Every structure is written in C-alpha cells, then in structure tokens.
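Taking numbering that gives the first Met the number 0, the leading residue of the sequence shown gets 0, the next gets one more, and so forth. Even for Gly, the Cβ is constructed at its ideal location relative to N, Cα and C. Predicted model only: the values in this text are computed from it and were never measured.
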Amino acid sequence: MRVSRGGPTVVRAAFLLLLVACEPPPAASEPFSDAAVAALATFDDEDPAELARAFEQLEEEVAAELDLTADVSKRSLTPARLTEADVEGIPRPDRDPALALPVALAGLSEWPLHDHDRVALVPDQVGIEPFSESYTRTFLEGEGCFSADCDWLRSENDIVKSNPAMTVPFVLFKDWRSFELSDGRGARASRGWMEEGADGNDDKGRIEQSFAIELWTEQEDGSTLRLLVLWAETTFNPEQDEDLVAVSTRLGMDLLFGNHDDWIAENPE
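Quick look at the structure:
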C-alpha cells in the first residue's frame, strides 16, 4: 500500500511541498494535443474507430515524450487549450473553453484492464478519488453488464472535494466505453464533464468548467497504460498562480492513479 497517498495530513503536506518545489508540466507536442482533443470530441461516436486512432496516437506520443518509470514531473505534459469546436455537443457552462487549464499525466499500472473496470463500478469513491469528503456515484446505464456484456457505463456523481484552497460541492457526469485498438488489444475510454459550475465555501473560489478524457490500454505484459487529460477552469479568492494550480492538479491526478492501484490490491476478486 502507498501510505503516502492516504491520510489527509500527509497528503496536504505533500501538496504544499510540491506547490513550492515543482515546475509546471512542459508543453505537449502538437500530435499529442490533437489526439487528446480528438479523443474528447469523438468519445460518443457510434463507431469507435476514430477514438481508437486517437488512443494509438496518444500511446505513440507518450512513448516518445515521457518516462513512465520516472516521478510525476517526467510523466506529465501541458496540452493545447480547448476551442468551442472541441467541446461542441457536450453540455457545459456558458464559458470560453480556452480558459480551462490543461494538464496531462500518464502512468503504468501493474493491474490488468478488467481490474480497472471494477474501480469504476464502486458507488462510493471516497478513498479512491483524492481530496473527496464525499463522492457518490449513481449509475445511469451499464452497471450490471460493463464491460463483459455491454460497452457503455454512464454515471452521475455527487461530490464534495476539499483541499487547502477551498471546499466545493459539485456534480460531475462521467461515462466509460469499452472497445479494441486496431491490433486487437483491449482499451477503455472515459469522459467527464460538468454541466454547471460550482461555488466553493466562504467565497473562496469556484469551479467554472471541467472536461476530462482518460484512457486505459492493455499492454503486452498484462499491465495497463493510463493517461488522464484534464481541462479545468477554477477561480480562486485570493487569486492563485496558474503554474501552481497546474502542479497541484498534477499531484491530484497522480494520487488518483495510486489510489486505483491500492484499491485493486486491497479488493481482490
């Protein structure tokens, strides 16, 4: 078990240390950014061919740009910002999507793809999702069949998250789909978004908008490649430096990866 990912005192101390010590993620290549946006935009396509091509391009870019055996600073990138066209058709707040701060993080999990499906199906995500005081997942489709007998899992998530900056309740919609890459390997995609912004406590800030695309791809040795790309706009009172926000976001993403692996280890089939 990764003890450092657990108790709030340890997590918040690491949070503050990384804010001070770390540089924001370097810029991603144009092919990486294009593929990440394509995955977000084509997620709901009936035919997953374009989504699979985007995933395969992302795998190539991750292999070329990142060291998956290194620490979090060598596994993260800053993709391009979103445009209105990139999020067309996704219910969202009336905000300019270019204001959403982009962060991407990749990692390798020793656990096979089907174990990560089990994590998605946990209704109470507290202890899995970092900084969550409460996190209730209500399934809208696919709970009893994903991914063995159906390709889609859809959910609505009622969440309260708390970090050193603020506490904020919000609703997140998150869907998953199962498909194969062109070489027959299994893959999963997930897309998350907020239909409305959410105010933090005591006027300390607000989540204005959020979009995320995640990928899980089966590797030859049975492990799973993970990639999470997040575009989120949060306003803070007092205002926070954008680079520090990017670093803290990256920390939360890496904690999520580790928490998934910990849950799988602690909950064998």
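When DSSP labels each residue in this structure, what does residue i get in the three-state scheme?
| i | result |
| --- | --- |
| residue 20 | Confidence in residue 20 is poor, its pLDDT being 45 and thus under 50, which makes the residue's placement unreliable; the coordinate value appears in the next sentence. Reduced to three states, the DSSP call for residue 20 is helix. |
| residue 269 | The first residue shown for the chain is 0 and the last is 268, placing residue 269 beyond what the model contains. |
| residue 95 | coil |
| residue 156 | strand |
| residue 28 | coil |
| residue 225 | strand |
| residue 177 | strand |
| residue 219 | coil |
| residue 52 | helix |
| residue 183 | coil |
| residue 58 | helix |
| residue 140 | strand |
| residue 265 | helix |
Per DSSP, which one or two residues make a beta bridge with residue i?
| i | result |
| --- | --- |
| residue 149 | 145 |
| residue 205 | 198 and 234 |
| residue 41 | According to DSSP, residue 41 bridges with nothing at all. |
| residue 247 | For residue 247, which the question treats as bridged, DSSP gives no partner whatsoever. |
| residue 167 | 160 |
| residue 254 | Answer is none; residue 254 lacks a bridge partner. |
For residue i, is the classification buried or exposed, using 16 other Cβ atoms within 10 angstroms of its Cβ as the cut-off for buried?
| i | result |
| --- | --- |
| residue 247 | buried |
| residue 204 | buried |
| residue 266 | exposed |
| residue 186 | buried |
| residue 195 | exposed |
| residue 88 | exposed |
| residue 254 | buried |
| residue 147 | exposed |
| residue 26 | exposed |
| residue 252 | buried |
| residue 48 | exposed |
Going by Cα to Cα distance, which pick from the options is closest to residue i?
| i | options | result |
| --- | --- | --- |
| residue 270 | 26, 32, 55 and 25 | Summary: the structure shown does not reach residue 270, with the chain confined to residues 0 through 268, and so no result is reported for it. |
| residue 239 | 100, 155 and 141 | 100 |
| residue 201 | 241, 236 and 179 | 236 |
| residue 52 | 192, 206, 180 and 113 | 180 |
| residue 135 | 154, 141 and 148 | 154 |
| residue 139 | 173, 234, 63 and 50 | 173 |
What are the start and end residues of each continuous alpha helix (DSSP H) run of 4 or more residues lying completely inside the stretch 60-136, in chain order? 112-119
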